[in-house]
Amino acid sequence: MYDKELELFKRNGFTIWTDDYISENLLKSHLDEKPGASLKGKEFKDAIIWINSKIKKNSRIVDMGCGPGLYSYELGKLGHYILGIDFNKKSIEYANEKKVIADKTEYRYGNFLKDSIDGKFDVAMIVCCEFGALIPTEQKITLKKIHDLLEEDGVFLVNCFTEKTIRVDYKEGKNWYISNGNDFWNKEPYFLMEETKYFLQKSTVGRRYYIINQRTQEVKEFILWDQFYDKNSIKKLLEENGFEIIEIEDNIIEPGRLFITAKKKKL
Ligand SMILES: C[S@@+](CC[C@H](N)C(=O)[O-])C[C@H]1O[C@@H](n2cnc3c(N)ncnc32)[C@H](O)[C@@H]1O
Numbered sequence: 016m017y018d019k020e021l022e023l024f025k026r027n028g029f030t031i032w033t034d035d036y037i038s039e040n041l042l043k044s045h046l047d048e049k050p051g052a053s054l055k056g057k058e059f060k061d062a063i064i065w066i067n068s069k070i071k072k073n074s075r076i077v078d079m080g081c082g083p084g085l086y087s088y089e090l091g092k093l094g095h096y097i098l099g100i101d102f103n104k105k106s107i108e109y110a111n112e113k114k115v116i117a118d119k120t121e122y123r124y125g126n127f128l129k130d131s132i133d134g135k136f137d138v139a140m141i142v143c144c145e146f147g148a149l150i151p152t153e154q155k156i157t158l159k160k161i162h163d164l165l166e167e168d169g170v171f172l173v174n175c176f177t178e179k180t181i182r183v184d185y186k187e188g189k190n191w192y193i194s195n196g197n198d199f200w201n202k203e204p205y206f207l208m209e210e211t212k213y214f215l216q217k218s219t220v221g222r223r224y225y226i227i228n229q230r231t232q233e234v235k236e237f238i239l240w241d242q243f244y245d246k247n248s249i250k251k252l253l254e255e256n257g258f259e260i261i262e263i264e265d266n267i268i269e270p271g272r273l274f275i276t277a278k279k280k281k282l
């Protein structure tokens with residue numbers, strides 16, 4: 016049964032990252048030159064410089080949602096040890112094939128919300144604004160996990176969208192179209208209905224997509240969330256979950272995207 020209205024923070028158990036067909040296209044989107052699932056070109060380089068400038072030499076880093084390891088690859092070359100975790104199987108396979116300095120980089124296929132992660136790290140990062148794509152209950156779990164994984168003087172690096180950056184990408188409304196397939200959503204011809212809805216009181220935008228396979232009539236429903244922040248709201252969220260802000264910067268890449276450096280609050 017599908018809801019008439021998109022319900023705030025609803026999950027339905029399906030994600031684009033774990034769908035067999037779409038996850039392959041997400042991997043492609045990470046790897047091609049166009050902006051998409053991850054930062055590209057100068058913005059990517061600036062993000063690496065930002066990370067490296069906030070952490071000590073030869074840091075042990077845990078990268079939550081590492082994708083195909085683009086960050087880990089560069090950070091590994093700079094001498095850091097990385098454990099990357101991601102539940103996009105195709106991306107982890109790619110990362111494992113491409114891995115640099117084998118004994119210092121490990122990629123693990125797993126769900127950072129559910130799977131336990133051992134060890135202690137100097138740095139935990141969740142980049143490319145994936146943190147805002149988690150709903151509040153998932154954010155709490157993630158922050159608790161990161162808190163436990165960090166050394167007492169460990170650093171947490173995260174970035175997130177502001178309302179201004181989100182509004183450029185997502186316009187409220189409903190739309191539908193027919194596709195011959197062989198594109199992002201489906202291999203076979205399909206009918207797609209999509210909806211984008213703002214929940215401004217929660218600084219959130221939700222999107223849902225129904226993909227109806229024309230041959231089999233199978234319907235897939237995907238719901239995606241993005242929470243956006245300003246400096247005060249991200250500070251409040253991190254402080255409520257055991258972190259202390261070191262710095263929030265909004266000029267690392269395009270103006271408006273927030274890059275946050277935090278550490279564990281002293282008890
Ligand atoms: C926007 S992509 C960014 C990937 C990478 N950090 C980058 O910037 O190149 C978000 C990644 O987070 C992963 N992800 C989201 N939720 C996850 C979870 N609960 N467990 C593991 N990986 C997750 C997705 O599979 C995806 O690869």
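Letter 56 of the sequence shown, counting from 1, is numbered 71 in the numbering used here, and no numbers are missing.
C-beta: ideal position from N, C-alpha, C; glycine also.
- Taking C-beta separations shorter than 7 Å and ignoring five residues to either side along the sequence, the partners of residue 36 in its chain run 201 and 202, following chain order.
- About 6 Å separates the CB atoms of residue 103 and residue 41; that is less than 8 Å, so the two are in contact.
- When C-alpha distances from residue 93 are compared across 219, 106, 174 and 71, the shortest belongs to 71.
- By the Cβ neighbour-count rule, residue 89 is buried, with 16 or more other Cβ atoms within 10 Å of its own.
- Looking at the backbone, the Cα of residue 167 and that of residue 243 are separated by about 28 Å.
- Nearest to residue 270 by C-alpha distance, out of 19, 22, 61 and 48, is 61.
- In this structure, the C-beta of residue 240 stays at least 6 Å away from each heavy atom of ligand 1.
- Judged by DSSP secondary structure, residue 91 falls within the alpha helix (DSSP H) whose first and last residues are 85 to 92.
- Distance between residue 220 and residue 151, taken at the CA atoms: about 13 Å.
- Note on geometry: alpha-carbon atoms of residue 134 and residue 164 lie some 7 Å from one another.
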